[in-house]
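2 protein chains.
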Amino acid sequence: MNAWLNRFPVSLPERLTSPEETAALELRSALPELAVSLEKKEEMGEGFCLRRVGDRIRLLGGETGLLYGAWFLMYFCRLGGGTLPDHVESAPRYSLRMINCWDNPDGTVERGYAGMSLFFRGGRLAWDPARIRTLARMMASCSLNVLCINNVNVHDPAQLLLEDGLPDLARLAAEFRPFGVRLMVSVDYSQPMRHGIPTADPLDAQVQAWWQETAARVYRAVPDLAGFLVKADSEGRPGPFTYGRSHAEGANMLAEALRPWGGMLVWRCFVYNCRQDWRDTETDRPKAAWDHYASLDGQFADNVILQIKNGPFDFQVREPLSPLLLGMPNTHKALELQLAQEYTGHQIDLYTMAPMWQEIFRDLPEDRIMAIAAVSNWGDDANYTGHPLAAVNLFTYGLLAWNPGVDPREIVSLWVRLTYDFSPEDKGTLVALMLSSRRVYEKYTAPLGIGWMVTPHDHYGPNPSGYEYDLWGTYHKANREAVGIDRTTSGTGYLDQYPPELRDRYENPRTCPDLYLLFFHRLPYAWRMKDGRTLIQRIYDDHFEGLRETLEMQQKLQRLPFPEEDRNIILERMERQVHNAREWCDVINTFFFRLSGVPDGHGRRIYD
Amino acid sequence: MNAWLNRFPVSLPERLTSPEETAALELRSALPELAVSLEKKEEMGEGFCLRRVGDRIRLLGGETGLLYGAWFLMYFCRLGGGTLPDHVESAPRYSLRMINCWDNPDGTVERGYAGMSLFFRGGRLAWDPARIRTLARMMASCSLNVLCINNVNVHDPAQLLLEDGLPDLARLAAEFRPFGVRLMVSVDYSQPMRHGIPTADPLDAQVQAWWQETAARVYRAVPDLAGFLVKADSEGRPGPFTYGRSHAEGANMLAEALRPWGGMLVWRCFVYNCRQDWRDTETDRPKAAWDHYASLDGQFADNVILQIKNGPFDFQVREPLSPLLLGMPNTHKALELQLAQEYTGHQIDLYTMAPMWQEIFRDLPEDRIMAIAAVSNWGDDANYTGHPLAAVNLFTYGLLAWNPGVDPREIVSLWVRLTYDFSPEDKGTLVALMLSSRRVYEKYTAPLGIGWMVTPHDHYGPNPSGYEYDLWGTYHKANREAVGIDRTTSGTGYLDQYPPELRDRYENPRTCPDLYLLFFHRLPYAWRMKDGRTLIQRIYDDHFEGLRETLEMQQKLQRLPFPEEDRNIILERMERQVHNAREWCDVINTFFFRLSGVPDGHGRRIYD
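Protein chains in written order, with the working numbering: chain A, 1 to 608; chain B, 1001 to 1608.
#1: What are the residues that DSSP puts in a beta bridge with B:Cys1049?
#2: Can you give me the C-alpha to C-alpha distance between A:Tyr75 and B:Val1587, rounded to a whole angstrom?
#3: Could you check what DSSP says for B:Ile974 in three-state terms: helix, strand or coil?
#4: Show which residues of chain B have a CB atom less than 9 Å away from the CB atom of A:Tyr607.
#5: Looking only at C-alpha atoms, which of A:Pro240, A:Thr83, A:Leu225, A:Phe72 sits nearest to A:Glu89?
#6: Can A:Leu229 and A:Ala251 be called in contact, C-beta distance under 8 Å?
#7: For the segment 1475 to 1487 of chain B, which residues have a beta carbon sitting closer than 8 Å to at least one beta carbon of chain A?
#8: Specify the secondary structure class of B:Asn1104 as computed by DSSP and reduced to three states.
#9: Please identify the residue among A:Glu481, A:Gln497, A:Arg480 whose C-alpha is closest to the C-alpha of A:Thr488.
#10: If we ignore side chains and look at the alpha-carbon of each, how far apart do A:Met184 and A:Leu258 end up?
#11: Which of the three DSSP states, helix, strand or coil, is assigned to A:Val112?
#12: Assuming the contact rule is C-beta atoms closer than 8 Å, B:Asp953 and B:Asn1273 should be a hit. Round their C-beta distance to whole Å, please.
#13: Beta strand (DSSP E) containing A:Val304: first to last residue?
#14: Would you call B:Lys1530 buried or exposed, if buried means 16 or more other Cβ atoms sit within 10 Å of its Cβ?
#15: Leaving out five residues on either side along the sequence, give the residues of the same chain with a beta carbon under 8 Å from the beta carbon of A:Trp278.
#16: Using the C-alpha atoms, what's the distance from A:Gly81 back to A:Arg417?
#17: For B:Pro1013, tell me which candidate among B:Trp1004, B:Ala1023, B:Arg1409 has the shortest Cα-Cα distance.
#18: By Cβ distance below 7 Å, which residues in the same chain neighbour B:Arg1604 in space, the five residues on each side in sequence not counted?
#19: Counting contacts by CB-CB distance shorter than 8 Å, is B:Leu1595 in contact with chain A?
#20: Quick one: what does DSSP say B:Met1529 is sitting in, helix, strand or coil?
#21: When the Cα atoms are used, what is the spatial distance from A:Gly484 to A:Phe519?
#22: Just the C-alpha distance for B:Ala1030 and B:Gln1358, rounded to the nearest angstrom, thanks.
#23: Is B:Thr1550 helix, strand or coil by DSSP?
#24: Within the segment 1234 to 1315 of chain B, note down every full beta strand (DSSP E) run reaching 3 residues or more, in order along the chain.
#25: Keeping to the same chain, check which residues put their C-beta closer than 6 Å to that of A:Leu60; ignore five residues upstream and five downstream.
#26: Closer than 8 Å, CB to CB, is B:Ser1490 near chain A or not?
#27: Within this structure, are the beta carbons of A:Glu175 and A:Ala221 separated by less than 8 Å?
#28: Can you tell me whether B:Arg1007 is helix, strand or coil according to DSSP?
#29: Report the partner residues of A:Val454 according to the DSSP bridge assignment.
#30: Kindly indicate which three-state DSSP category B:Ser1436 falls into: helix, strand or coil?
#31: Tell me which same chain residues have a C-beta within less than 8 Å of the C-beta of A:Arg594, skipping the five on either side of it?
#32: Under three-state DSSP, which class holds B:Gly1398?
#33: In its own chain, which residues sit with a C-beta less than 6 Å from the C-beta of B:Gly1112, not counting the 5 before and 5 after it?
#34: Should B:Thr1511 be labelled buried (16 or more other beta-carbon atoms within 10 Å of its own) or exposed?
#35: Using only CA atoms, which one of B:Leu1321, B:Phe1300, B:Ala1255 lies nearest to B:Pro1286?
#36: If A:Ala371 and A:Tyr94 are in contact, beta carbons under 8 Å, what's the gap, nearest whole angstrom?
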């Protein structure tokens, strides 16, 4: 079983009838001493209200609201919060709090670092009911309510989920339903063509009819399906561009098919030229999403949601907020995060995401989006997330999706208290260490927001020029004098996509925050940073510091009283992280030293 | 059917009894007008003698000598050589003229660029008899007489060739026998451990007994097996080092097991540290073979042959001769070449190897080796070698293995005359183009002998720093001032492994031939070449020239009257080669421009 759930052992029957029943069973098991009455108020939906009258507690809520209220109460009591206030009320900020699994029908997980798929084996749905129930419970315990089970890159035969696989899909949906979780399916835009229709053109009547019939068939099997998720015209996926149609036309056609059933159509905006010529300096990949979508504002049906990654590139350690999230006021938008540590250490390196998400919500007014999604970081490893401490990212994401106003650092602290029986001092050490982990990782990897200096394809470990002459639009153009791409108005113009206050923050390299400096600017190595150091010295310093702090982190972790099973995994991975950090530090420093010829100002060893 | 054999159509019966019978059938089919009497003289072995007495021709030879004599006569007559001299005598310089296939039991071919294996499917031997007969005939027609059918990296279940697979092996040997070809098998040094023996230590009596019994069993099934081929203690392969034994002890134990049956033990010398730390400047990979083997001279049994790659690295476009080939006077040695175009264009780019091999034999006295081997370039593509013109490398290799004294350029010319029905002018164009192809490829790829600027693992296309921070010992250490590794006496000392005349040729960068300059020296970009150009300008010039010459090559090829099937393949690959050459040219020039800051002296465009 996983992490924080260990505190709440329960034995649930194999057949649960409703979230309300689940809530009651959870409460009876976790808080048998407490007299709690559950009162279902359909109109409250996912929200709940707790009223204390003396020793008695009334929990009011919609069906799933009761379940979320139960978990609130369980956390509150388990953490010794004292007397429950007379009145507690809560409702989720976003009604769709989604997990996207990149699971393939053959059981592999794209960018998965915690084992194989929990849902697929040998081309079809197949699962261990006990593990699925735990997973569903994990989701409920942190308020997640939509689960897209298959990869957005729909590899054959994942299309069968909408065809022969429907009975399995319905059985799986039944496993999740008592935990308030609805399924979603990634669909292949060209699927009608598997059925003798010569086109997938969204304006073709046959195509429209096929999707309408398919939606009807799917919803008869899974009436509460959340909807479809689509990656179209992206990295080789088919889409409406093939037929000269806009993405509004493409998405609306599917949305129309889902409308009678209340289904949503989630449409990913990860569209860019992934066959860019490295010699082409006109194209600037971060501009792509805005360029493709901004002009379509207001044209999408009201059950379409555009799902936009947090940054304009692709889940790098540090990116500014995607400007598209701030634009398109007349379009439903969802923020997409990635729990899977694709570019952030493969769940080998410790990387707690809360500080990163805090930055996102600092710049993203809550009301600009109406839903939130994250790529899962789980698999069939015994602990679900590979690295035991990676579970915090799932938990934090869930609570943040309920209430993005909470400081995510508080959630990390809560998770540690729930997960480990530590002294206050040890708890403080671990929380501090987790909260610093992203910054440490950032220091020893690519400098100051430049990103992409990773081993191509695999994305673990350094390769400073691995993508430099490739097709992916991710260049640093480091030469003997300078490094970076000028994305200001006088450069590629990417910064013009932002509202004035953000553009002003980044536009001037003298005032641009250091950590974003090389994301937006091309600067000489001799550039003076605000603190007086040169750019090249800052690069060296960060890398030496990152390595040193990793070694310190290792020492601290070794002293913490983790349960043995977790301890073994954590320390073994920490050793690999130390190796990784040393490799990054030396490779990146050598790379810049060979280019710049500038020795370290403190005489530390840089290999030549 | 393949290339030059098209000139000699024949229908051979499914069951052939001997090379002598094959020779007679070939002659009858190819030269029905000629009265040739075959006279077997066992003592002549592979040699033959042709005597003309008026209209009658006597062909004398050992059993396979008759077959080689028949092919000599067929080539001579088909090419209209005029009257046969009264007396022709020939015998091979090396008695083992070997092909090494890197074929895996699953049907893939490691570094194969012409389709799948001709021998393996689904974990076992399986073949198309007609194609195998053509392959055997192809080998006979260019004198090749030993065929090692499985990869030196013995992947499970290739070990079964010595066990359950023996009946299949015997049937395959029978297919090749009438063409004078004997099989050889790559073996896994740890194979005894699959049979309950807890060690593979060569000094262990149980291990020795297992190999002796195995050899006996194998030779009962295939009495004329040429022997075993072993890659030990290399790139993860098991070997005697595991048990603290020398490679002489390791090889001799296997040789002992083969001795009663007349088998040879071919032992590859491709041993180096493939887990080198890029920060380590003491280790220099080209030194590895000499360091591992030279001190063992005289210690190997007389049926052991050390197989040594032509260069000290690994089949780069240009390497100096491996010094080990010139050393170890009291050891049997074989030269290993690679027909498969691993680093030389994947049989997409045109690359005729004759000029490269001519350089090898210029420096390698014939008597320093007693055998010759080459990694195959064939697969189950209809034309066997993928690129129709790649067949020339197989043909040239065979004839060169018979007589390394021949100018291999002559063989290329012969192959073209045999293969295409061209006018003398077109023939001249094609031969010139083929003979220049290696130099053109060299120009647009890594400069002046430095090698390794290829896409890691795949080895097609440029990646100037792809191996720079990796474990393989292949570094150029280019910085803003200079590039290369100093391998002279004052550097890593690699040059000290050579005899004086070769050391003197390379030691001084002022006199070292340009094309080897960066193999042996670290030089500043401002270095003055013999012709007055700077090193950096020479790099730019070569790359622009290489691209221009590739475009010219394309135009010439388009005008040549190839048969349609060949033409389509040749021109389609040529298009890919042009793309490849442009990519190399621009990436390498940009890489050095970013480092050096020196613009092109002729104002040509280098991307920044």
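We treat Cβ as the ideally placed atom computed from N, Cα and C, and that holds for glycine.
Inspection of the coordinates gives the following:
#1: Working through the second sequence from its first residue, we reach residue 1049 of chain B at position 49. DSSP lists B:Leu1060, B:Glu1089 as partners of B:Cys1049.
#2: Position 75 of the first sequence, counted from the start, is the residue given in the question as residue 75 of chain A. Position 587 of the second sequence, counted from the start, is the residue given in the question as residue 1587 of chain B. When rounded, the separation of the alpha-carbon atoms in A:Tyr75 and B:Val1587 is 58 Å.
#3: Past the boundaries of the shown model lies residue 974 of chain B; chain B is included only from 1001 to 1608, so the question cannot be answered.
#4: The residue given as residue 607 of chain A occupies position 607 in the first sequence. By Cβ distance, chain B contributes Trp1278, Arg1279, Thr1281.
#5: For this step, residue 89 of chain A is matched to residue 89 along the first sequence. Residue nearest to A:Glu89 within the set A:Pro240, A:Thr83, A:Leu225, A:Phe72 is A:Phe72 (criterion: CA-CA distance).
#6: The residue labelled residue 229 of chain A in the question sits at position 229 within the first sequence. The residue labelled residue 251 of chain A in the question sits at position 251 within the first sequence. Contact: no.
#7: Listed by position, the residues of the segment 1475 to 1487 of chain B near chain A (Cβ gap below 8 Å) are Lys1477, Ala1478, Asn1479, Arg1480, Glu1481.
#8: As a first step, residue 1104 of chain B must be located in the second sequence, where it is residue number 104. In the structure shown, B:Asn1104 sits in coil (DSSP, three-state: anything other than H, G, I, E or B).
#9: The residue given as residue 488 of chain A occupies position 488 in the first sequence. When A:Glu481, A:Gln497, A:Arg480 are compared, the shortest CA-CA separation from A:Thr488 is found for A:Gln497.
#10: For the purposes of this step, residue 184 of chain A is taken as residue 184 along the first sequence, with counting starting at 1. For the purposes of this step, residue 258 of chain A is taken as residue 258 along the first sequence, with counting starting at 1. If I take the Cα positions, the gap works out to 12 Å.
#11: Stepping through the first sequence from its first residue, residue 112 of chain A is reached at position 112. Residue identity differs from the one stated: residue 112 of chain A is Gly in this sequence, not Val. Of the three classes helix, strand and coil, the one that applies to A:Gly112 here is coil, per DSSP.
#12: The requested residue 953 of chain B does not occur in the structure, where chain B is confined to residues 1001 to 1608.
#13: Reading the first sequence from its first residue, position 304 is the one you call residue 304 of chain A. That run of the beta strand (DSSP E) goes 304 to 309.
#14: Position 530 of the second sequence, counted from the start, is the residue given in the question as residue 1530 of chain B. So B:Lys1530 counts as exposed.
#15: Residue mapping note: residue 278 of chain A aligns to position 278 of the first sequence, counting from 1. Correct list, in chain order: Glu468, Tyr469, Asp470, Leu471, Tyr475.
#16: By 1-based counting over the first sequence, the position of residue 417 of chain A is 417. By 1-based counting over the first sequence, the position of residue 81 of chain A is 81. Between A:Arg417 and A:Gly81, the alpha-carbon positions lie close to 12 Å from each other.
#17: Your numbering for residue 1013 of chain B matches position 13 in the second sequence. Proximity to B:Pro1013 across B:Trp1004, B:Ala1023, B:Arg1409 peaks at B:Ala1023, based on C-alpha coordinates.
#18: Numbered from 1 along the second sequence, position 604 holds the residue referred to as residue 1604 of chain B. Same-chain partners within the cutoff: Phe1544.
#19: Working through the second sequence from its first residue, we reach residue 1595 of chain B at position 595. So, interface residue.
#20: Residue numbering aside, residue 1529 of chain B sits at position 529 when the second sequence is read from its first letter. It is coil, neither helix nor strand.
#21: For the purposes of this step, residue 484 of chain A is taken as the residue at position 484 of the first sequence. For the purposes of this step, residue 519 of chain A is taken as the residue at position 519 of the first sequence. Taking the straight line from one Cα to the other gives about 7 Å.
#22: Along the second sequence, one-based indexing puts residue 1030 of chain B at 30. Along the second sequence, one-based indexing puts residue 1358 of chain B at 358. B:Ala1030 and B:Gln1358: Cα-Cα distance of roughly 32 Å.
#23: The residue labelled residue 1550 of chain B in the question sits at position 550 within the second sequence. If DSSP states are grouped into helix, strand and coil, B:Thr1550 belongs with the helices.
#24: Runs found: 1264 to 1268, 1304 to 1309.
#25: For the purposes of this step, residue 60 of chain A is identified with residue 60 of the first sequence, where counting begins at 1. Within the same chain, Cβ atoms closer than 6 Å to the Cβ of A:Leu60 are found at Glu39, Lys41, Cys49, the five residues on either side in sequence being excluded.
#26: Within the second sequence, numbered from 1, the residue matching residue 1490 of chain B stands at position 490. It does not: the Cβ of B:Ser1490 has no partner Cβ on chain A nearer than 8 Å.
#27: The residue given as residue 175 of chain A occupies position 175 in the first sequence. The residue given as residue 221 of chain A occupies position 221 in the first sequence. No.
#28: Here the question's residue 1007 of chain B lines up with position 7 in the second sequence. Taken through DSSP and simplified to helix, strand or coil, B:Arg1007 comes out as helix.
#29: Position 454 of the first sequence holds residue 454 of chain A. Looking at the DSSP output, A:Val454 shares a beta bridge with A:Pro462.
#30: The residue labelled residue 1436 of chain B in the question sits at position 436 within the second sequence. DSSP, reduced to helix, strand and coil, places B:Ser1436 within a helical segment of the structure shown.
#31: Residue numbering aside, residue 594 of chain A sits at position 594 when the first sequence is read from its first letter. Result list for A:Arg594: Asp608, in chain order.
#32: Start at 1 with the first residue of the second sequence, and residue 1398 of chain B comes out as number 398. Here DSSP, grouped into helix, strand and coil, assigns B:Gly1398 to helix.
#33: If you number the second sequence from 1, residue 1112 of chain B lands on position 112. The residues Gly1379, in chain order, have a CB closer than 6 Å to that of B:Gly1112 in the same chain once the five nearest residues on each side in sequence are set aside.
#34: The residue you call residue 1511 of chain B lines up with position 511 of the second sequence. With a 10 Å radius around the Cβ and a threshold of 16 neighbouring Cβ atoms, B:Thr1511 comes out exposed.
#35: The count along the second sequence starts at 1 and reaches residue 1286 of chain B at position 286. Comparing Cα-Cα distances from B:Pro1286 to each of B:Leu1321, B:Phe1300, B:Ala1255, the minimum goes to B:Leu1321.
#36: As a first step, residue 371 of chain A is located in the first sequence; it is residue number 371 there, counting from the start. As a first step, residue 94 of chain A is located in the first sequence; it is residue number 94 there, counting from the start. Going by Cβ atoms, the distance from A:Ala371 to A:Tyr94 rounds to 5 Å, so yes, they are a contact pair.
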